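The numbering of the sequence shown is this note's numbering, which starts it at 2 and goes up by one.
Just so it is clear, CB atoms sit at the ideal spot from N, CA and C, and this is done for glycine as well.
Source: prediction; values computed, not measured.
Written out below as structure tokens is the structure these notes cover.
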Amino acid sequence: MAAKEYDLWQEQFSRECGIRSAIILYGNTGDLTFDPSTYMYTGLVDVLVPILKKRGFERVQLWDRVNGSRAASGQAAPAEKAPAGDAQQGGSQPYDMGDLGSGFEDSNLPPQRTPNDIQREFTEIYHMLQQHDHPTAVLFDGSDYIFGNANAFSPQELQYLATWGRALQEADNGSLERGNDLPGQQGRPGNILILITHRQAAVPPVFYLENPLVASVHVPLPGRNERERYVNTYRSSLRLDPTQNLGTQKILDNFLDALDGFSLRDIQQLFKLSRQQEPLKFEKLINLYKYGEKISPWEELSHEKLEKIEETLRQRVKGQDEAIEKVRNVVIRAKTGFSGLQHSRTQKKPKGTLFFVGPTGVGKTELAKALAEFIFGDEDACIRFDMSEYNHEHSDQRLVGAPPGYVGFEAGGQLTNAVKKRPFCVLLFDEIEKAHGRILDKFLQILEDGRLTDGKGETVHFSETIIIFTSNLGADQDFTNETPDEVRKSFIKAVHDHFCNELKRPELWNRIGESNIVAFNYIDNPEIFTKIALLKFQGIADYVRERYKATLEFDDEKKAMLAIAERADKKNGGRGMLNIMENMLINPLSEFIFEHEDQLENRRILIETFVKGRNVDFDFDFA
Numbered sequence: 002m003a004a005k006e007y008d009l010w011q012e013q014f015s016r017e018c019g020i021r022s023a024i025i026l027y028g029n030t031g032d033l034t035f036d037p038s039t040y041m042y043t044g045l046v047d048v049l050v051p052i053l054k055k056r057g058f059e060r061v062q063l064w065d066r067v068n069g070s071r072a073a074s075g076q077a078a079p080a081e082k083a084p085a086g087d088a089q090q091g092g093s094q095p096y097d098m099g100d101l102g103s104g105f106e107d108s109n110l111p112p113q114r115t116p117n118d119i120q121r122e123f124t125e126i127y128h129m130l131q132q133h134d135h136p137t138a139v140l141f142d143g144s145d146y147i148f149g150n151a152n153a154f155s156p157q158e159l160q161y162l163a164t165w166g167r168a169l170q171e172a173d174n175g176s177l178e179r180g181n182d183l184p185g186q187q188g189r190p191g192n193i194l195i196l197i198t199h200r201q202a203a204v205p206p207v208f209y210l211e212n213p214l215v216a217s218v219h220v221p222l223p224g225r226n227e228r229e230r231y232v233n234t235y236r237s238s239l240r241l242d243p244t245q246n247l248g249t250q251k252i253l254d255n256f257l258d259a260l261d262g263f264s265l266r267d268i269q270q271l272f273k274l275s276r277q278q279e280p281l282k283f284e285k286l287i288n289l290y291k292y293g294e295k296i297s298p299w300e301e302l303s304h305e306k307l308e309k310i311e312e313t314l315r316q317r318v319k320g321q322d323e324a325i326e327k328v329r330n331v332v333i334r335a336k337t338g339f340s341g342l343q344h345s346r347t348q349k350k351p352k353g354t355l356f357f358v359g360p361t362g363v364g365k366t367e368l369a370k371a372l373a374e375f376i377f378g379d380e381d382a383c384i385r386f387d388m389s390e391y392n393h394e395h396s397d398q399r400l401v402g403a404p405p406g407y408v409g410f411e412a413g414g415q416l417t418n419a420v421k422k423r424p425f426c427v428l429l430f431d432e433i434e435k436a437h438g439r440i441l442d443k444f445l446q447i448l449e450d451g452r453l454t455d456g457k458g459e460t461v462h463f464s465e466t467i468i469i470f471t472s473n474l475g476a477d478q479d480f481t482n483e484t485p486d487e488v489r490k491s492f493i494k495a496v497h498d499h500f501c502n503e504l505k506r507p508e509l510w511n512r513i514g515e516s517n518i519v520a521f522n523y524i525d526n527p528e529i530f531t532k533i534a535l536l537k538f539q540g541i542a543d544y545v546r547e548r549y550k551a552t553l554e555f556d557d558e559k560k561a562m563l564a565i566a567e568r569a570d571k572k573n574g575g576r577g578m579l580n581i582m583e584n585m586l587i588n589p590l591s592e593f594i595f596e597h598e599d600q601l602e603n604r605r606i607l608i609e610t611f612v613k614g615r616n617v618d619f620d621f622d623f624a
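Rendered as structure tokens:
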């Protein structure tokens, strides 16, 4: 028997066929589907035809945008025929992973069809649904491509929609008198229009909202049992490292868990990919299929390197030891495979989720960049999104891409494109509190399922990323007389109140988890400012050395950095200190280099510091 969670939609579909005038079949409609009567994996339509015939529909008509309208033959094409015997027990016979065939009589490609041709076919379908002689089901496979912008239908699209509506209202819907009251017996069904689509939103809402004549049936991704049956049936076509024997239950279980979220077509293509490569372990094979890379940077993180993570991060981020410790905990969880295990045994969620909260200029963005460089070897692996740019209702389309028919569809989404290009990364969502509420729905899906479907219908996986949100919530409070621990609690409370009380979105708070909220300390210690100033100056010195082949030296480095630190605006944290450095040191340094550019190579530039009250001056000369 088929896996129950996979068959429920078929049961619902068969049930609704007897009482509705139209059904919208949406979701995983492009996948392979198991036909229990033939033990075949075939296309959706080839499975629907026998169901409809059994349900009492004497005529089944198919429409698609390539072939137009034609009668179904009723013969399903053997797309993937299982070996003889019980499919649940698996088979050892070789098996052809070829393309799907067609289950319909006319397989020749017709001439290019015009909108007028489509309208004529729609009219023919309308008359079919009106007739009373033969119970008729019309399978409309192409709803994703008929309508464009739902807010601005073209005259032709309005004509299509009107024809659908009239067909629904005037169709022969059967009658109670035609039914058979005997238990287990079915009466003559009424005519029905079945719309097949990937996204229910592709069908204009005016067609189905608050309309009792229309039912929606969701086709889900295959559950674990269905994946297991498919893998067992065709595992002789899978080529893996000899150390991984799928006949071992533990290895099989781990493999099936790793396939969570895959369609059967995905698994089919994974099997094909395995035969094009040297034998790989299934983890690397799946990485190659999902991300185009065999080796995950996570696998290359050595125990020795991880032991130094706090030390490494402290070299770039000063005065935030508690935050660095929390980041370390998340990375260790990710490396050991424990991320999200309290929710699910499948590793589909992002590697880690962090919420950085604190005043401006305390190192939130810097820590995210330092983490990206530590894990992925490149600071550019930190991909930043300023959420103040996503505060409008339709901003979510900028992240995932506009749907077909809308402006910008071809470009795709900024977030999904970035993750496709760089699947191993740190995603930094800055000032998350400024994002529109619809954006938060996307984050819920990312944090729960580890994937998003972009506007083009492609699945983008986030299971190899670290997600970091930042916020200044609570930074406007007066913490003059509070301890650091009290300050951290105040910040966490501000985040909780924002999501749970103000936005009424406690589910996002729960997805993140209080333990992953990292409160950053205020920076008011001159020693810390001095360390930050020295760190930033080192970057300037490296730049001068690389570009101009010159070296920078202070007469008294500590005195110079302390002078800058003491004059920084503490309210703006590290950024306030950098602004002072730019004004006092970098501007006059750039003037000196500009004036002596042709004399710099292999020279030492001495920087003298003069402190007079609140004023600091720097003098530059060649040593």
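| query | result |
| --- | --- |
| One or two residues paired with Leu553 in a DSSP bridge | Ile606 |
| Sufficient close CB pairs (3 or more, under 8 Å) joining the segment 39-55 to the segment 203-216 | no |
| Start and end residues, beta strand (DSSP E) containing Gly353 | 353-358 |
| Cutoff 7 Å; reference Asp397; Cβ partners in own chain excluding five residues on either side | Arg439, Ile440, Lys443 |
| Classification of Gln76 by the beta-carbon crowding that lies within 10 angstroms, buried from 16 upward | With a pLDDT of 39 at Gln76, under the threshold of 50, the modelled position of this residue cannot be trusted; read the value that follows with caution. It counts as exposed. |
| N-terminal and C-terminal residue of the alpha helix (DSSP H) that Ala371 is part of | 365-377 |
| Contiguous beta strand (DSSP E) assignments of at least 3 residues, all confined to the segment 489-532 | 518-520 |
| Classification of Asn517 by the beta-carbon crowding that lies within 10 angstroms, buried from 16 upward | buried |
| Through-space distance from Gly413 to Tyr235, alpha-carbon basis | 35 Å |
| Burial state of Pro213 (16 or more Cβ within 10 Å) | exposed |
| At least three beta-carbon pairs within less than 8 Å, the segment 52-62 to the segment 286-297 | no |
| Simplified DSSP state of Gln245, which is helix, strand or coil | coil |
| Assumed close pair Thr34, Leu45 - CB separation to whole angstroms, cut-off 8 Å | 5 Å |
| The segment 544-555 / the segment 591-605 touching (three or more Cβ pairs under 8 Å) | yes |
| Burial state of Tyr544, where buried means 16 or more other Cβ atoms lie within 10 Å | exposed |
| Arg71 - partner residues in DSSP beta bridges | Leu63 |
| Proximity test, Cβ basis, 8 Å: Glu592 and chain D | Going by chain labels, chain D is absent from the structure shown, which holds only one protein chain. |
| Residue environment, Gly575, which counts as buried when at least 16 other CB atoms sit within 10 Å | buried |
| Simplified DSSP state of Ile195, which is helix, strand or coil | strand |
| Completely contained alpha helix (DSSP H) runs for the segment 427-464, where each covers 4 or more residues | 438-450 |
| Residue closest to Glu227, alpha-carbon to alpha-carbon, out of Asn526, Glu487, Leu257, Phe375 | Leu257 |
| Inter-residue Cα distance where the pair is Gln600 and Val612 | 28 Å |
| Stretch-stretch touch, CB-based, cutoff 8 Å, three pairs: the segment 353-366 with the segment 459-478 | yes |
| Own chain partners of His219 with C-beta closer than 7 Å, once the 5 adjacent residues on each side are dropped | Trp10, Tyr27, Gly28 |
| Element boundaries [beta strand (DSSP E), containing Phe619] | 616-623 |
| Beta-ladder partner(s) of Val612, from DSSP | Val617 |
| Coil, strand or helix - Phe208 by DSSP | helix |
| For Ala138 and Leu53, believed in contact at Cβ under 8 Å, the rounded distance | 5 Å |
| Of the residues Gln201, Asn68, Lys365, Val328, the one placed nearest Ser144, counting alpha carbons only | Gln201 |
| Helix, strand or coil at Phe339 according to DSSP, with G and I counted as helix | coil |
| Host alpha helix (DSSP H) of Phe272 (start-end) | 265-275 |
| Euclidean distance between Cα positions of Asp498 and Gly359 | 15 Å |
| Residues that DSSP places opposite Val218 in a beta bridge | Leu26 |
| Proximity of Val1 and Leu222 at Cβ, strictly below 8 Å | This structure cannot speak to residue 1, because the chain is shown only from 2 to 624. |
| Local conformation of Ile565 per DSSP, three classes | helix |
| Contact under 8 Å by Cβ, Phe386 with Phe430 | yes |
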